[in-house]
Structure formats: structure tokens, C-alpha cells
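Participant: In my numbering, the protein residues as written are 1143 to 1400. Cβ coordinates follow ideal geometry from the N, Cα and C atoms, glycine included. To start, I am sharing the structure in question, which I have written as C-alpha cells.
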Ligand SMILES: [Zn+2]
């Protein structure tokens, strides 16, 4: 908005993944909804930033599942003016395909914040290289990251690994949000009251230089209103998921594995 000194800059980000335990179909839970979203924003010429869970697509390809549709869609999206950046759920590294077709992921590695520096560095490097190869455009680089399940804390190792690999931005912090479950925790109740800030270790504390933390927009709503919205979406149509998607958000402690 212009004219009265107020300017609003929105970055529309969409996590691009089979969420939670990996149940669900890539076409119906990922590719079709992404196509629909790109159609919607086209009307107002707004670009989307897909935050791509590279680790799971790498694991799926290693397990013999084709993700060619994902590869095609991401390359085309960038060619059309959208962006793709990196999202990592560590539990997908070394995921195994079970005889019934489902994926077995390692819930003990749900939280990136619990991993040693070397593991974090490897996951980020592998994901960044995969995504840059998929998009394969001369001026394209992966510079932005969002941790799976928002589980980046304690964030010292992740921030150092991101800096080492040339990342510029982390976008994991959701101001005001807290998940107290032991295997999925994150705590963003105390963060700078700013639209973005520098971090060099703790993503919730402003530093004089380092990565940019660009938080996810959140709003405070009453618990009953939230529960009512969740209940109504789960009990209607496709249960709050995209049409035909049968995904599952559940994390190791029963929470939502975003
Ligand atoms: Zn995710």
C-alpha cells in the first residue's frame, strides 16, 4: 500500500512435501495442490516460494520411487517466476520402503536441533545440491532454509552450517508458537518484535550480523477457535487436506509434523 507511508511486503511460502510420516500420494498431496496454488496467485501476478523437502524426495528416489513430476514442476515453477528453497525433515534420511508401500522414517531424528553439526551440515549440503540440480537455472541458488516441524532449536549448529554453506536466510521461527512435546519441541514465545533480524546462533535472539531470520507470520487466536477450525476441517470433505490426499501430520509424539 502506498500514499500514507505504509508499505507491506508479503512473501508467500508453501512447504512442498508429503508431510509427517510420508503417507500420501505425491500427485494428489503435493503436485496437484501446488499447481492449483500457482493458478490462484497468477491472477494477481504474485510469486510463490515453495519450501521443498529435498531429503524425502532424495530418499524416495533412492528407494526406487519416481519423483520426476516433482522435478518437472519445480524447474517449471522457477522458469515461470516462482522460487524454490530448502526444507529438511531429517527423519527421511535413510528412509526405508516397507512391503505395503509405506515409508518407514526414523522418528528419533525428527528434530534437526538435536543432531550433531556434521549431520546437519550433510543434510543441508545434500538438499541444497539436489534442489539446485533439479532447478538447473544459471542464476538460481538455494539461499533460504526452513527446518522440518520448525524443530531447529537449539539452533547454534544449524545456523553455523547454514552460514558455512552460503545460505542467507532462515525462515523457521513462528513468533508466539510453542510445542512442548519432547520429540517435537520448539519454543518461539520470546523473539524480537521485528519483521526480520540477524542471527548468529540462537534464532530467537538478534545479532549484529549473520543469517537473516525472516519469521513466519503468525496471529494469536483463542484456543477454542483453533480447535473448532481443526475439527471442522477434519470432519468435512477431504479432512482438511487437498482433494484426494490421504496424508498424516502425526509426529513422534502425536503432534503435527509440518
Ligand atoms: Zn515440513
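What does a CB cutoff of less than 7 Å around residue 1196 pick up in its chain, not counting 5 residues either side in sequence?
Facilitator: In the chain shown, residue 1196 corresponds to position 54, counting from 1. Closer than 7 Å at Cβ, skipping near neighbours: 1228, 1230, 1269, 1272 and 1273.
Participant: What residue from 1380, 1175 and 1355 has the CA that sits closest to residue 1294's CA?
Facilitator: Position 152 of the chain shown, counted from the first residue, corresponds to residue 1294. Minimum Cα distance to residue 1294 is reached at 1355.
Participant: Quick check on the DSSP output: what are the complete beta strand (DSSP E) runs of length 3 or more inside the stretch 1299 to 1329, in order along the chain?
Facilitator: With a minimum length of 3 residues, no continuous beta strand (DSSP E) run stays inside the stretch 1299 to 1329.
Participant: Can you tell me the Cα-Cα spacing of residue 1182 and residue 1299, whole angstroms?
Facilitator: On the chain shown, residue 1182 is found 40 positions in, with the first residue counted as 1. On the chain shown, residue 1299 is found 157 positions in, with the first residue counted as 1. Those two C-alpha atoms are separated by around 38 Å.
Participant: Alpha carbons only, please: which of 1215, 1311 and 1251 is nearest the one belonging to residue 1158?
Facilitator: On the chain shown, residue 1158 is found 16 positions in, with the first residue counted as 1. Nearest option by C-alpha distance: 1215.
Participant: Is residue 1420 near ligand 1, with its Cβ less than 7 Å from a heavy atom?
Facilitator: Because the chain spans 1143 through 1400 in this model, residue 1420 falls outside it and cannot be assessed.
Participant: Take the Cβ of residue 1151 as the centre, count every other Cβ of all protein chains shown within 10 Å, and call the residue buried at 16 or more, exposed below.
Facilitator: In the chain shown, residue 1151 corresponds to position 9, counting from 1. Exposed: under 16 other Cβ atoms inside 10 Å.
Participant: Might you give, ordered along the chain, the residues of its own chain that have their beta carbon closer than 7 Å to the beta carbon of residue 1175, omitting 5 neighbours on each side?
Facilitator: Locating residue 1175 in the chain shown gives position 33, where the first residue counts as 1. Once the five neighbours on either side are set aside, the close Cβ partners of residue 1175 are 1384.
Participant: In the DSSP assignment, what are the bridge partners of residue 1259?
Facilitator: The residue given as residue 1259 occupies position 117 in the chain shown. Residue 1259 pairs with nothing; no bridge assigned.
Participant: Take residue 1314 as the anchor and find which of 1337, 1345 and 1305 has the nearest alpha-carbon.
Facilitator: One-based indexing of the chain shown puts residue 1314 at position 172. For residue 1314, the nearest C-alpha among the options comes from 1345.
Participant: Could you give the distance in angstroms between the alpha-carbon of residue 1267 and the alpha-carbon of residue 1249?
Facilitator: Reading the chain shown from its first residue, position 125 is the one you call residue 1267. Reading the chain shown from its first residue, position 107 is the one you call residue 1249. Answer to the nearest angstrom: the Cα atoms are 21 Å apart.
Participant: On the three-pair Cβ rule with 8 Å, is the stretch 1301 to 1316 touching the stretch 1336 to 1353?
Facilitator: Segments in contact, yes.
Participant: Helix or strand or just coil, what does DSSP make of residue 1354?
Facilitator: By 1-based counting over the chain shown, the position of residue 1354 is 212. Strand.
Participant: Given a cut-off of 8 Å on the beta-carbon distance, is the pair residue 1169 and residue 1211 in contact?
Facilitator: Locating residue 1169 in the chain shown gives position 27, where the first residue counts as 1. Locating residue 1211 in the chain shown gives position 69, where the first residue counts as 1. A contact, by the Cβ cut-off of 8 Å.
Participant: I'd like to know whether the C-beta atoms of residue 1255 and residue 1325 end up nearer to each other than 8 Å.
Facilitator: The sequence position of residue 1255 within the chain shown is 113, counting from 1. The sequence position of residue 1325 within the chain shown is 183, counting from 1. No, the Cβ-Cβ distance between residue 1255 and residue 1325 is not below 8 Å.
Participant: Is the stretch 1197 to 1207 touching the stretch 1237 to 1247 in the sense that three or more CB pairs, one from each, lie closer than 8 Å?
Facilitator: Cβ pair count under 8 Å is three or more, so yes.
Participant: Helix, strand or coil: how does DSSP classify residue 1235 here?
Facilitator: Within the chain shown, the letter at position 93 stands for residue 1235. In this structure, residue 1235 counts as coil in the three-state DSSP scheme.
Participant: Can you find the residues in the same chain that come closer than 6 Å, C-beta to C-beta, to residue 1309, ignoring five residues on each side of it along the sequence?
Facilitator: On the chain shown, residue 1309 is found 167 positions in, with the first residue counted as 1. Closer than 6 Å at Cβ, skipping near neighbours: 1285 and 1287.
Participant: Check the Cβ-Cβ distances between residue 1261 and every residue of chain D, and say whether any is below 8 Å.
Facilitator: The chain labelled as chain D is not found in the depicted structure, where only one protein chain is given.
Participant: Rounded to the nearest angstrom, how far is the Cβ of residue 1320 from that of residue 1312, given a contact under 8 Å?
Facilitator: As a first step, residue 1320 must be located in the chain shown, where it is residue number 178. As a first step, residue 1312 must be located in the chain shown, where it is residue number 170. Residue 1320 to residue 1312, Cβ: 18 Å. No contact.
Participant: Report yes if the C-beta distance between residue 1318 and residue 1367 is below 8 Å; otherwise report no.
Facilitator: The residue you call residue 1318 lines up with position 176 of the chain shown. The residue you call residue 1367 lines up with position 225 of the chain shown. No, these two residues do not count as a Cβ contact at 8 Å.
Participant: What is the DSSP secondary structure of residue 1213, reduced to helix, strand or coil?
Facilitator: Here residue 1213 refers to the residue found at position 71 when the chain shown is read from its first residue. Correct three-state label for residue 1213: helix.
Participant: Enumerate in chain order the residues of its own chain whose CB-to-CB distance from residue 1279 is below 8 Å, with the five nearest sequence positions on each side excluded.
Facilitator: Reading the chain shown from its first residue, position 137 is the one you call residue 1279. Counting only Cβ-Cβ distances below 8 Å, and skipping sequence neighbours, we find 1217, 1220 and 1221.
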